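A quick write-up on the structure given underneath.
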């Protein structure tokens, strides 16, 4: 049957559809995955030890739940009402976890909240113009905060926005864009927006012949601590004559 999504939220509503009868069961949450290969990658430590975090494109919400269970206050954002509803069905009531249905740039432009970490695992950062998104992320990160992301490694020589038919070649016309930047392009963009400690690389797959994972991490500079003033010189006592 041809796919018929009319909008991007509808397109993302169909991501990881439930197969079978009845209510879908919640997936196991026993690891924090950055790559397409389970157990391969740096784990939750890639974002440091934040007190607050925002996930852009949370889908099922597994990684958001993983962080919340470690004591992090997590906001899980997704563009798709269906994805958010499914995640709420599974995880509503998890201490420290909240869900938001919104487009990433719109949310970042409107919220007054700030975060110690903003991250995206094959999520909204891949499908949003980085030139528009990164400045908004920068403003919503606390001093010392971390931006971290992962997505498929780019095809060499084919960089920038790339279009595909969201409903396939026999469905309703719907253009879906994703942005594939090289590690050098990411480093340049982040540096231009005031990030430091930039680390952009491709993590090879367990089988080096398979597709690797683009991994990017950068920090907002922490304020420089004021220098400790030098002690005042001791006053000499004048001896009475």
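Numbering (the UniProt record's numbering), first residue to last: 1 to 241. Each residue gets a CB set at the ideal place from its N, CA and C atoms; glycine is no exception. Model, not experiment: these values are computed from the prediction.
Asked: Sequence-distant residues of the same chain with beta carbon closer than 6 Å to residue 48, five excluded per side; Found: 146
Asked: Residue 181: first and last residue of the uninterrupted alpha helix (DSSP H) it sits in; Found: Note, residue 181: premise wrong, no alpha helix (DSSP H); not H, not E.
Asked: Rounded Cβ spacing between residue 76 and residue 99 (contact assumed at less than 8 Å); Found: 5 Å
Asked: Beta-bridge pairing of residue 219 - partner residues as DSSP gives them; Found: 146, 196
Asked: First through last residue of the alpha helix (DSSP H) which encompasses residue 63; Found: 62-68
Asked: Beta strand (DSSP E) runs wholly inside the UniProt domain "Methyltransferase type 11" (54-148), at least 3 long, in chain order; Found: 73-78, 97-101, 115-121
Asked: Beta-carbon proximity list for residue 240, same chain, < 6 Å, skipping 5 on both sides; Found: In this prediction, residue 240 has a pLDDT of 47, which is less than 50 and means its spatial position is unreliable; what the coordinates show is noted afterwards. If we look at residue 240 and ignore the five residues flanking it on each side, it has no Cβ neighbours.
Asked: C-beta contact flag for residue 52 and residue 142 at 9 Å; Found: yes
Asked: Residue closest to residue 128, alpha-carbon to alpha-carbon, out of 95, 92, 79; Found: 79
Asked: Host beta strand (DSSP E) of residue 162 (start-end); Found: 160-165
Asked: As assigned by DSSP and simplified to three states, the class of residue 174; Found: coil
Asked: Whole-angstrom distance between residue 156 and residue 184, CA atom to CA atom; Found: 12 Å
Asked: CA-to-CA distance, residue 219 to residue 139, given in whole angstroms; Found: 12 Å
Asked: C-beta atoms of residue 57 and residue 122 nearer than 9 Å; Found: yes
Asked: Residue burial classification, residue 213 (beta-carbon count within 10 angstroms, cutoff 16); Found: buried
Asked: Distance, residue 136 Cα to residue 109 Cα; Found: 6 Å
Asked: Status (buried if at least 16 other CB within 10 Å, exposed otherwise) for residue 112; Found: exposed
Asked: Beta-carbon gap between residue 254 and residue 101 smaller than 9 Å; Found: Look at the range of the chain in this structure, 1 to 241, and you will see that residue 254 is not part of it.
Asked: Alpha-carbon to alpha-carbon, residue 82 and residue 168; Found: 20 Å
Asked: Residue 160 classed as buried or exposed, judged by whether at least 16 other C-beta atoms fall within 10 angstroms; Found: exposed
Asked: Residue 89 to residue 179 span [Cα, whole Å]; Found: 31 Å
Asked: Simplified DSSP assignment, three categories, for residue 187; Found: helix
Asked: Strand pairing of residue 152, partner residues [DSSP]; Found: 213
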